[in-house]
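Residue 5 is where the sequence shown starts when you use our numbering, and the numbers rise one by one after that.
Glycine included, every Cβ here is placed at the ideal spot set by N, Cα and C.
As the structure is a computational prediction, the values presented were derived from the model and not from experiment.
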Amino acid sequence: MFAQNITVSGNVKDDTGLEVIGATIIVEGNATLGTTTDIDGNYVLNNVPSNGNLVFSYVGMKSQTVAVNGRSRIDITMASDTELLEEVVVVGFGTQRKVNLTGSVAQIDNKVLESRPVPNVSSALQGLMPGVMVTSGQGRPGQDEATIRVRGVGTLNKADPYILVDGIETGTMNSVDPNDIESISVLKDAASAAIYGSKASNGVILITTKRGKTGKPRITYNGYMGLQYPTEMIKRIDSYDYARLYNKAMEEAGLQPRFSAEAIQKFKDGTDPAYPNTDWYDEAYRTGLQHSHNVNIGGGTDDVKYMASVGYLDQKGILPNAQRQQFNGRTNMDMQVNSRLGVRLNLAYIKNDYADPVSSYAGGSSSNEGGSSDQIIRQLNRIAPWIVNRNPDGTYGTISDGNPIAWLDAKQTVERLNQNFTGTLGADYKIVDGLTATGTLSHVSNSRHSRYFQKYIRYNPNKETEPNHLDERYYNWNRTTFDAILNYDKQFGLHSLKAMGGWHTEKYNYSYSRAYREKFPSNDLTDMDAGDAASQKNWGNSRELAMLSWFGRVNYDFAGKYLLEANVRADASSRFAPDYRWGYFPSFSGAWRLSEESFMEGTQGWLDNLKIRASWGLLGNQDALDDYYPWMNTYNLDAKYLLGGSLQSGYYQKGYKLPTITWEKARTWGVGLDATLNNKINLTVDYYDRKTNGIIMDVPVPNEFALDAYKDNVGSMVNRGIEVMLSYTNKWGDWSFGATGNAAYNRNEILDLGGVQQMNDPNNGNIRRIVGERLNSYYAYKADGFFDSDQAAQAWMDKYSTQAGYPFGNRKFKGGDLIYQDTNNDGKMNADDRTLIGSKDPSVTFGLNLTAGYKNFDLSMIFTGAAGVYRMINQEVTGFFDGDDSHPATAWLNAWTPENKNAKMPRIAYSNTSPSISSQVMSSFWIQNASYVRMKNLQIGYTLPKGVVNPIGIENMRVYFSSENLFTLHNMLVNVDPEISSERASSFPLTQTHALGVSISF
């Protein structure tokens, strides 16, 4: 007899009772006969042999084989098999199951961010996702946000990714408490990012905050207290070594030595206060203190779910008066009004106040809001150790610029008081089964009050600062957005169709005002009206932007094997002239899950998932420039004309703007592979090619044009790269172990510079842009070792010094000086011999995340690193022998001498007389390979047994020790952090943090 075919239906849930969407059900032995569960976890399968078996499978869960035995209804519960694969990934305007992704999306959850003593989210991302390059920068409280580049740098202009928190544009990660984050997704290719159109060419970062879950109220406290230290400080020589080497340099220059033998001996003895050995770093830097606290409450019913949190962060930086205080609150509510209507409300507020100590000069520019600690740190690097800090009578020793400790003692800072509010009201209405309408109204408001009062200081009877003055500024901006979206989601047997269409509008307003006065009666009277009215100045402006968009996405899935997706977005921006406002940004992608094919049945025992992906799309960059109206010719109002024998106010046109200027556009295509083996090993590989056209650049004009160079869409460049991510996780009894490694290679190439072959970077004369080469490449003379003798140096000079364009003037080369190469072999030494040395952007970035656990103990380690990256350091980093305002590094103790020819540094020379010094010409010797490996985080935790904490009303309690930036391996010339953001090492030092913390749930 033949078995009778029947129809089988049922429901599939996971081990938490939630319906499993998209689970695959096939008849064993016949992979073509199958179906998938719908949005409610239900399925119907026809023509099932009554004596057959059904195989239920879903990525991340254990497959089950169930005998039919003539039953027409079979309900099952599937058990989780691994925590490694994220079930749902946040994408633009929605979520997708990871197994169904056709684009390149990286995601991390809150577990990676938990219990890390980081005051901002951006630096915590370093090393966690391939293709997401994070450079830490500096440790200044409140201004320590890292620089993020997604798949390299694709423009000559602003290259920051587009950042959204719960779907709302923020532009920064400092507006969210790390404790509030549920997940972070990075949309890296056009297939995933095109839905954001004109703002997506530099990548998109989606931050999703925590929401309430069904159940009783759950209160969680997370807090830590930590100590902070600089990751590295440059080691500098003491007064004795400096004095004796300085004397020697003066003698070799034919000058009378500054210090007598008796004075040098006193420096060595260190007993006479008139001959000090001032450790300027020790005088200024201190141990920083940071503590953070967050309380979160969440819970709800099937109809109402809520989450509310408050947080507080206090940071005392490693420099006196560098500090930050932040208070933040957030609440997310979800209300199911009836079976059709759901409403959600998100409210967030952050008050973020921080201060930075400032110097008593070089302040007041429009860019630095009155000053920064940069000049303090610069002087701490430069000032000689034989300069006394404080005299017995309380006066200060000084150099020409003053005394950095006096500035710190004066407690003068630039204060930045920030407030940010975000409110979102949204509703979802189920029109019919599978069709839902969504409306979202959001408003973001941000204000900053910046205040800098520079005090009058008398260092000593012979030196004082300029008169005191006050610089006060106000910045305000707000953005209102509205989104209307229709979502369609329907299952037709083995066919799954999703469609989304939306409309978006936004309005952005910005205002700025600034006031200035000087000559206040005393340092204690700091209100603006106390200053001299004759010195008052004021500035102000307002700007506005608007954008209108429509967008759509279609997803098609056949039997969980063949996946297609198409996106399109059209944006109109007020940044551009009316005829050039609209931009169109499509993308197409597809994926093939080979592991679901019948010919792969033999791999089911070890191959859980194998998918190949491909994508193509266009993205835009409307934020390339800070100019709100780059197409509109405007007039300056600060002209002065001599009319009738007196100066009269007027206006003039300073620059010319093209009305045809428009979007920068990036064409991106890529292919990828995803694989899961034995539910323990996961592999992702991606290759991408991104070409940016219409890059906005300055177009040079002749002097006769009489206006500044204008901007036009004339540049182009390409980025290509490979990304790999490999992970392994397993458990053995009481033991668990996990390892996730990632690496990314990126190389960019300049294709067009508006018709010219090369040009200097407008912000750095030592960086050259050349067609066919990498962006941000240093351009300098090539040095190859030291001259072995004075005779060899003289022979080199005889060959080159009489040639035209010789760059060293009358400076004499000697044994121990750098040997500069005639790179073009034309027999001359001139500017044409400069060559590209390396880029400040890394070619390779990588990371390794290790986790282990035994019973209630847990351990995690995160390593990050970069290779193929270079940093230029100038003479203020290494120091040179220039007297009071220079402090040589200890590297000079291994300088070239006739007795030490295998030296680390060139010969020591007086002041700037050496042709080797970087201020004379920049050479490859001073452009350092800054490749490094850093232990980014080490964390050890212990979760107290429930038998101990439950009786006292605590559900869960974990204590931990966590260290950030524990150590760094590199081969720089001096011991400076390889991620240094300043060529003169005057940026606020990057910090390491050692913290003790606790997490308690009730």
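The C-beta of residue 345 has fewer than 16 other C-beta atoms within 10 Å across all chains shown, which makes the residue exposed. Note on geometry: alpha-carbon atoms of residue 117 and residue 356 lie some 20 Å from one another. Beta-bridge pairing by DSSP links residue 506 to 489, 555. A distance below 6 Å between beta-carbons, with the five flanking residues on each side excluded, links residue 718 to the following residues of its chain, in chain order: 701, 758. Spatial neighbours of residue 293 in its own chain (CB-CB distance under 6 Å, excluding positions within 5 residues in sequence) are listed in chain order as 320. The stretch 646-662 makes no contact with the stretch 676-693; the number of CB pairs closer than 8 Å stays below 3. When only Cα atoms are considered, residue 185 and residue 977 end up about 40 Å apart. Assignment of residue 751 by DSSP, reduced to helix, strand and coil, places it in the strand class. Distance from the CA of residue 746 to the CA of residue 728, rounded to the nearest whole angstrom, comes to 6 Å. In the DSSP secondary-structure assignment, residue 861 is bridged to 858, 946. Residue pairing from DSSP places residue 467 in a beta bridge opposite 464. DSSP lists 478, 544 as the beta-bridge partner residues of residue 517.
Within the same chain, and ignoring the five residues on either side of residue 219 in sequence, the residues whose Cβ sits closer than 6 Å to its Cβ are 303. Here residue 440 is bridged, per DSSP, to 434, 491.
As a beta-bridge residue in DSSP terms, residue 295 pairs with 229, 318. Counting only runs of at least 3 residues, the stretch 832-900 fully encloses the following beta strand (DSSP E) elements, listed from N- to C-terminal order: 839-843, 848-858, 861-871, 874-876. The alpha helix (DSSP H) runs of length 4 or more contained entirely in the stretch 160-248 are, from start to end of the chain, 194-197.
Look at residue 573 here: in three-state DSSP terms it is strand. The count of Cβ pairs closer than 8 Å, one atom from the stretch 625-636 and one from the stretch 684-691, stays below three, leaving the stretches out of contact. Of the residues assessed, residue 8 falls on the exposed side of the cut-off, its CB having fewer than 16 other CB atoms within 10 angstroms. In summary, residue 436 is exposed, with fewer than 16 beta-carbon neighbours lying within 10 Å of its beta-carbon over all protein chains present.
Counting only residues of its own chain and dropping the five nearest sequence neighbours on each side, residue 248 has a CB closer than 6 Å to the CB of 268.
The three-state secondary structure of residue 607, taken from DSSP, is helix.
When the Cα atoms are used, residue 611 and residue 68 turn out to be separated by approximately 16 Å. Rounded to whole angstroms, the separation of the alpha carbons of residue 600 and residue 56 is 20 Å. Within the model, the alpha-carbon separation for residue 538 versus residue 121 is close to 49 Å. Where residue 669 is concerned, the enclosing beta strand (DSSP E) starts and stops at 668-681. Secondary structure remark: continuous beta strand (DSSP E) runs of at least 3 residues inside the stretch 64-133, in chain order: 68-71, 80-82, 92-95, 98-101, 109-113. Using a C-beta cut-off of 8 Å, the stretch 830-846 makes contact with the stretch 794-807, since at least three inter-stretch Cβ pairs fall below that distance.
The straight-line gap separating the alpha-carbon atoms of residue 536 and residue 473 is approximately 9 Å.
Within the model, the alpha-carbon separation for residue 115 versus residue 11 is close to 44 Å. The C-beta separation of residue 843 from residue 779 comes to about 7 Å, placing the pair in contact by the 8 Å criterion. Beta-bridge pairing by DSSP links residue 929 to no other residue. Beta-bridge annotation (DSSP): residue 137 is paired with 153. Excluding its 5 nearest sequence neighbours in each direction, residue 71 has C-beta neighbours in its own chain below 6 Å: 57, listed in chain order.
Taking all protein chains in view, the Cβ of residue 105 is crowded by 16 or more other Cβ atoms within 10 Å, so the residue is classified as buried.
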